[in-house]
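Number 104 in the working numbering belongs to position 104 of the sequence shown; there are no gaps in the numbering.
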Amino acid sequence: QVQLVESGGGLVQAGDSLRLSCAASGIIFSINHMAWYRQAQGKQRELVAVIASGGSTDYADSVKGRFTISRDNAKNTVYLQMNSLKPEDTAVYYCRANKIVTYWGQGTQVTVSS
């Protein structure tokens with residue numbers, strides 16, 4: 001059974017930092033491309049950051065320079081370090097794993113107050 005479990009969300013003030021974690025089980029983590037998406041209320045889900053199995057990364061323009069995605073294959077975990085948070089970063093953040101099949105986590109809420 002595949003599970004992606006996100007954690008680390010919460011309520012913070014603008015300018016603060018948070019680190020999200022996504023622990024995976026039931027998949028061969030090291031060969032999966034991992035990504036973080038977010039969905040704000042009333043909006044479509046959007047890609048935030050992606051890290052390939054080989055370690056290359058890419059980011060949405062809106063988070064470049066503020067967010068960093070990383071992975072620890074020994075711990076089957078992907079992280080999203082979020083700095084200089086803005087109210088517009090408020091959303092439910094989802095973890096996604098993809099190789100041949102795509103899996104999603106249940107999401108973790110991030111709320112940034114002004």
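Glycine included, C-beta positions come from ideal geometry on N, C-alpha and C.
Taking DSSP as the reference, what is the three-state secondary structure of residue i?
i: I27; result: coil
i: D58; result: strand
i: D72; result: strand
For residue i, does the count of other Cβ atoms within 10 angstroms reach 16, so buried, or fall short, so exposed?
i: A14; result: exposed
i: R11; result: For clarity, residue 11 is Leu in the given sequence; the question names Arg instead. Exposed, by the Cβ-count rule.
i: G58; result: Position check: residue 58 holds Asp in this sequence, whereas Gly was assumed. Classification for D58: exposed.
i: A35; result: buried
i: G54; result: exposed
i: I51; result: buried
i: G105; result: buried
i: V110; result: buried
i: T102; result: exposed
i: V48; result: buried
i: V63; result: buried
Tell me residue i's beta-bridge partners as DSSP assigns them.
i: I51; result: M34 and T57
i: V101; result: BP columns for V101 are empty, so no partner.
i: R66; result: Paired residue(s): none; R66 is not in a bridge.
i: A14; result: Note: A14 sits in no beta bridge, so no partner.
i: Q109; result: V92
i: V78; result: C22 and R71
i: V5; result: A23
With a threshold of 8 Å (Cβ to nearest heavy atom), would residue i be considered close to the ligand SAH?
i: A60; result: Among the components modelled here there is no ligand, and therefore nothing to report on the ligand SAH.
Three or more C-beta pairs below 8 Å linking the segment 32-46 and the segment 94-101: yes
Three-pair Cβ contact test at 8 Å for the segment 55-73 versus the segment 1-11: no
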